[in-house]
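Reviewing the structure listed below.
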Ligand SMILES: *Cc1c(COP(=O)(O)O)cnc(C)c1O
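In the numbering used here, the protein residues as written are 3 to 507.
Right, dumping it as structure tokens:
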């Protein structure tokens, strides 16, 4: 195998150098098409040693304009692009609600073991006892952590877990002869996937007010009375919630919901702040989902990969997806398909096994004390950062915080908004926090338990420097980022007129 050397920029006149053109006043990354050199090849085919035969015309399509480059040039192009990415491996990534934390490399080692990575989904149970045991034990760990009675590992993400759980709840009420329980209540700070899952399940979502970041229990009662208790299926609560607060009144909310004959659903995206401290079953949850990619690590983002196991209380067990991974009386592991009331399959084969292996490795590596430490550190890191920012940023929700907190620039009258702070942070090599959710104008900051004090201090200093700039040179902030290939984008335009395809001139 040979590859043709790409052009190395030696003088400003070489083609490679002119390909690193500037658009506007910033150097930009050339596209792979712009680097193309006619005649360059990634693979040299052996000379033809059989008689040439004509090809049927009908098989010939329109020629495509692909770029022509040697293998090494393709490698350097994409490897270089990858280093321009913001990632948890290279940058502080305090994206609130997403739990972008360190993913221990031992998880990657475990997930790549051939016994997991090269499983064939139709292999005989007897040949994959190790993998089945891992799934079964993961199921048991999550049952223990939630305090609930049974876990299904099938759902492929948190949102998919919500959808699965809502289907389970619907099947339960149909079975009980109460098919009219179609309303799902959720606080107005709920994650967007909550109403989306309800809609996909044919349920009607009704928002409950929050005050100071907590569910307004009077409003919860009012909504139940307004629609009639017999029409309520569930109340979906996120706890710790999206304002970064642990709602200590969740037990009371559970009583109200149970009195209406409905289920308390816990969105468990923020479990990292309560691991080992409390169990959702203890504060009244009947059903919950885990986001194992958040709580128990796995590199995630841009839609995947994830796993969203669902845990349920006794009354909902018969309706969980099938098959279920089980330990048989003879000690072997296998699948139980005999679940006549099950909602059926929600995911092909075993679920997201690679992600579940990582969750298993994370739990086993930390053990009980380690998981408790995760919660302690997630909480202390969030509260430490909040304390370091509170002089220059308004913290609309009073702490103490669980895993994250919401901050609003105090300097909005200088014309500098949350988006300007977010863009300027990029110049410091920091990924922006979540913006404008759960309230307008805010930044939602989640440091996670894996960040060091030095990183937290560097972030606080960057945020406070930006607050100074907002006073002394607000125009500089309006134009940030200054040190990246692409400056301020027209984000609305980019969304409305999506154009991600290169066309030859
Ligand atoms: C991340 C998140 C979800 C959705 O989970 P995915 O795994 O991304 O589908 C739901 N609720 C909350 C509060 C979240 O933070």
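C-beta atoms are modelled at their ideal positions from N, C-alpha and C, and glycine is treated no differently. Note that the coordinates shown come from a computational prediction; the quantities given were computed from them, not determined experimentally.
| Item | Value |
| --- | --- |
| Distance between residue 242 and residue 281 (C-alpha atoms, nearest Å) | 12 angstroms |
| Sub-9 angstroms separation of residue 168 and residue 205 beta-carbons | yes |
| Nearest-angstrom Cα separation, counted from residue 251 out to residue 417 | 38 angstroms |
| Proximity below 9 angstroms, CB of residue 398 to CB of residue 385 | no |
| When 262, 160, 230, 447 are compared against residue 516, the one with the closest alpha-carbon | The requested residue 516 is not part of the displayed model; the chain covers only 3 to 507. |
| Near ligand 1: residue 296 beta-carbon under 8 angstroms from a heavy atom | yes |
| Through-space distance from residue 394 to residue 469, alpha-carbon basis | 6 angstroms |
| Check whether residue 292 and residue 163 have beta carbons under 9 angstroms apart | yes |
| At least 3 beta-carbon pairs within less than 8 angstroms: the stretch 406-414 vs the stretch 432-449 | yes |
| CB contact flag (residue 379, residue 297, <9 angstroms) | no |
| Pairwise C-alpha distance: residue 171 and residue 23 | Here the model assigns residue 23 a pLDDT of 39, short of 50, so the residue's position is not dependable and the matter cannot be decided. |
| Check: residue 456 C-beta below 8 angstroms from any heavy atom of ligand 1 | no |
| Ligand 1 heavy atom lying under 8 angstroms from the CB of residue 244 | yes |
| Any non-hydrogen atom of ligand 1 closer than 8 angstroms to residue 405 Cβ | no |
| Proximal residues to residue 498 (C-beta, below 7 angstroms), its chain only, five neighbours per side dropped | none |
| Complete beta strand (DSSP E) runs within the stretch 167-215 (minimum length 3 residues, chain order) | 185-189, 206-210 |
| Between the CA atoms of residue 108 and residue 364 - distance to the nearest angstrom | 9 angstroms |
| Strand pairing of residue 2, partner residues [DSSP] | Outside the shown range of the chain (3 to 507) lies residue 2, about which nothing can therefore be said. |
| Proximity test, residue 308 beta-carbon vs ligand 1 heavy atom, cut-off 8 angstroms | yes |
| CA-to-CA distance, residue 62 to residue 56, given in whole angstroms | 11 angstroms |
| Simplified DSSP state of residue 55, which is helix, strand or coil | coil |
| Cα-Cα separation between residue 91 and residue 332, rounded to whole angstroms | 44 angstroms |
| Nearest-angstrom Cα separation, counted from residue 304 out to residue 369 | 30 angstroms |
| Exposure of residue 141, with buried meaning 16 or more beta-carbon neighbours within 10 Å | buried |
| Residue interval of the alpha helix (DSSP H) (run including residue 227) | 219-229 |
| Rounded straight-line distance, which links the Cα of residue 301 to that of residue 504 | 29 angstroms |
| Backbone CA spacing between residue 264 and residue 308 [nearest angstrom] | 29 angstroms |
| Beta-carbon spacing of residue 324, residue 346 below 9 angstroms | yes |
| For residue 69 and residue 75, the rounded distance between their alpha carbons | 11 angstroms |
| Cα-Cα separation, residue 2 to residue 130 | Nothing in the structure corresponds to residue 2, since the chain is present only between 3 and 507. |
| Residue 451 CB to nearest heavy atom of ligand 1 below 8 angstroms | no |
| Reduced DSSP category for residue 377 - H, G, I as helix; E, B as strand; rest coil | helix |
| Close-in-space but distant-in-sequence residues of the same chain around residue 329 (CB under 7 angstroms, 5 per side omitted) | 138, 335 |
| Below 5 angstroms from a heavy atom of ligand 1 - residues by beta-carbon | 99, 159, 160, 161, 193, 195, 240, 269, 271, 293, 308 |
| The beta strand (DSSP E) enclosing residue 238, as first and last residue numbers | 234-240 |
| Coarse secondary structure for residue 439, derived from DSSP in three states | coil |
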